[in-house]
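In my numbering, the protein residues as written are 1 to 216.
A virtual CB, placed ideally from N, CA and C, is assigned to each residue, including glycine.
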């Protein structure tokens, strides 16, 4: 099947947002009297989960109202500039090359629209994507397969002609439920979450993606 579109997860796939998230986690935890922080691997994998699940996992007993804590976290995130170095190596160049090949590009993320568009704008990535679909923009956000299928409909692309690229088990499950081939961003946060042998392509870096696309 000819590849027509690629849908990307955001955090852990295009952008390494751990640095900003961890800074906010520590800031909030210190304010609550915490002196012992979760292990680095817990912080990394929690960022991929997002939402109230992320808050519960990172804050533990220091969070009594995850919904309010998530709102506070997002408020602080919106005030943090996105570091240019948070863009994974090769992302801009590969997106440029893919777009020049006529491949439709989209983002499907759990992030709320305000934060996702902020990050993409600050990294000058907005022009690359025909669709940016966020958790608060649809009634059935990922990992519900309808989120991904809605994105593909906006791209006018059938699932068999698309590739979902993500770094987590939830991204893998999303792609499989929607019957979309999956590219595993092994360099992201979920290195140990996904069985690489059942992925359509395993990416050690973004440059591997373009190599795979052009070899088809």
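Task: Range of the contiguous alpha helix (DSSP H) that encloses residue 18 - done: The residue given as residue 18 occupies position 18 in the chain shown. For residue 18, the enclosing alpha helix (DSSP H) starts and ends at 18 to 31.
Task: Local conformation of residue 203 per DSSP, three classes - done: Counted from its first residue, the chain shown places residue 203 at position 203. In this structure, residue 203 counts as strand in the three-state DSSP scheme.
Open item on the list: For residue 199 and residue 63, I'd like the C-alpha separation in whole angstroms.
Closed with: Taking the chain shown and counting its residues from 1, one reaches residue 199 at position 199. Taking the chain shown and counting its residues from 1, one reaches residue 63 at position 63. Rounded to the nearest angstrom, the two C-alpha atoms are 36 Å apart.
Task: Rounded separation between residue 66 and residue 54 - CA only - done: Counted from its first residue, the chain shown places residue 66 at position 66. Counted from its first residue, the chain shown places residue 54 at position 54. Spanning the alpha carbons of residue 66 and residue 54 requires a straight line of approximately 9 Å.
Task: Alpha-carbon to alpha-carbon, residue 164 and residue 180 - done: Along the chain shown, read from residue 1 onward, the residue named residue 180 stands at position 180. Along the chain shown, read from residue 1 onward, the residue named residue 164 stands at position 164. Cα to Cα, the separation comes out at about 7 Å.
- [ ] Name the residue from 188, 216 and 203 whose alpha carbon lies nearest to the alpha carbon of residue 48.
- [x] Reading the chain shown from its first residue, position 48 is the one you call residue 48. Minimum Cα distance to residue 48 is reached at 188.
Task: Per-residue burial, residue 139 [other beta carbons within 10 Å of its own, 16 or more giving buried] - done: Reading the chain shown from its first residue, position 139 is the one you call residue 139. By the Cβ-count criterion, residue 139 is exposed, with fewer than 16 other Cβ atoms from all chains shown falling within 10 Å of its own Cβ.
Open item on the list: Using beta carbons (cut-off 8 Å, strictly below), is residue 49 in contact with chain C?
Closed with: Chain labels in this structure do not include chain C; a single protein chain is all it has.
Task: Given 8 Å, three or more beta-carbon pairs between the segment 94 to 107 and the segment 69 to 79 - done: Not touching, per the Cβ criterion.
Open item on the list: Could you give the first and the last residue of the continuous alpha helix (DSSP H) run that contains residue 116?
Closed with: Within the chain shown, the letter at position 116 stands for residue 116. Start and end: 113 to 122.
Task: residue 46, buried or exposed, once every other Cβ within 10 Å from all chains shown has been counted against 16 - done: Counted from its first residue, the chain shown places residue 46 at position 46. Counting other Cβ atoms within 10 Å of its Cβ, residue 46 reaches 16 or more and is therefore classed as buried.
Task: Those runs of the alpha helix (DSSP H) which lie wholly inside the segment 61 to 143 and span at least 4 residues - done: Counting only runs of at least 4 residues, the segment 61 to 143 fully encloses the following alpha helix (DSSP H) elements, listed from N- to C-terminal order: 66 to 79, 91 to 100 and 113 to 122.
Task: Collapsed DSSP secondary structure at residue 210 in the structure displayed - done: Working through the chain shown from its first residue, we reach residue 210 at position 210. Helix.
Task: Contacts around residue 56, its chain only, beta-carbon distance under 6 Å, and the 5 residues preceding and following it disregarded - done: Reading the chain shown from its first residue, position 56 is the one you call residue 56. The answer, listed in chain order, is 66.
Task: Bridge-paired residues (DSSP) for residue 5 - done: On the chain shown, position 5 is the one that residue 5 refers to. Per DSSP, 104 and 162.
Task: Own chain partners of residue 116 with C-beta closer than 8 Å, once the 5 adjacent residues on each side are dropped - done: Taking the chain shown and counting its residues from 1, the one referred to as residue 116 is at position 116. Within the same chain, Cβ atoms closer than 8 Å to the Cβ of residue 116 are found at 10, 107, 109, 132 and 134, the five residues on either side in sequence being excluded.
Open item on the list: Is it buried or exposed, residue 197, if we count other Cβ atoms within 10 angstroms and call 16 or more buried?
Closed with: Sequence index remark: in the chain shown, residue 197 carries index 197 (1-based). By the neighbour-count criterion, in which a residue is buried when 16 or more other Cβ atoms sit within 10 angstroms of its Cβ, residue 197 is exposed.
Task: Candidates 205, 214, 173 and 212, of which the one nearest residue 15 by Cα - done: In the chain shown, counting from the first residue as 1, residue 15 sits at position 15. The shortest CA-to-CA distance from residue 15 to any of 205, 214, 173 and 212 is the one to 205.
- [ ] Assign residue 13 to buried or exposed, taking buried as 16 or more other Cβ atoms, counted over all protein chains shown, within 10 Å of its Cβ.
- [x] Taking the first residue of the chain shown as 1, we reach residue 13 at position 13. Result: buried.
Task: Test item: CB-CB of residue 162 and residue 5 under 8 Å - done: Within the chain shown, numbered from 1, the residue matching residue 162 stands at position 162. Within the chain shown, numbered from 1, the residue matching residue 5 stands at position 5. Taking 8 Å as the cut-off, the Cβ atoms of residue 162 and residue 5 count as close.
TODO: Taking 8 Å as the cut-off, decide whether the C-beta atoms of residue 201 and residue 212 are in contact.
DONE: Here residue 201 refers to the residue found at position 201 when the chain shown is read from its first residue. Here residue 212 refers to the residue found at position 212 when the chain shown is read from its first residue. Going by C-beta atoms, residue 201 is nearer than 8 Å to residue 212.
Task: Beta-carbon proximity of residue 3 to residue 103, cut-off 8 Å - done: One-based indexing of the chain shown puts residue 3 at position 3. One-based indexing of the chain shown puts residue 103 at position 103. Annotated as proximal: residue 3 and residue 103, with beta-carbon spacing under 8 Å.
Task: Same chain, Cβ closer than 7 Å to residue 151, five either side skipped, listed in chain order - done: Residue numbering aside, residue 151 sits at position 151 when the chain shown is read from its first letter. Excluding residues within five positions, the ones whose Cβ falls inside 7 Å are 7, 106, 108, 131 and 133.
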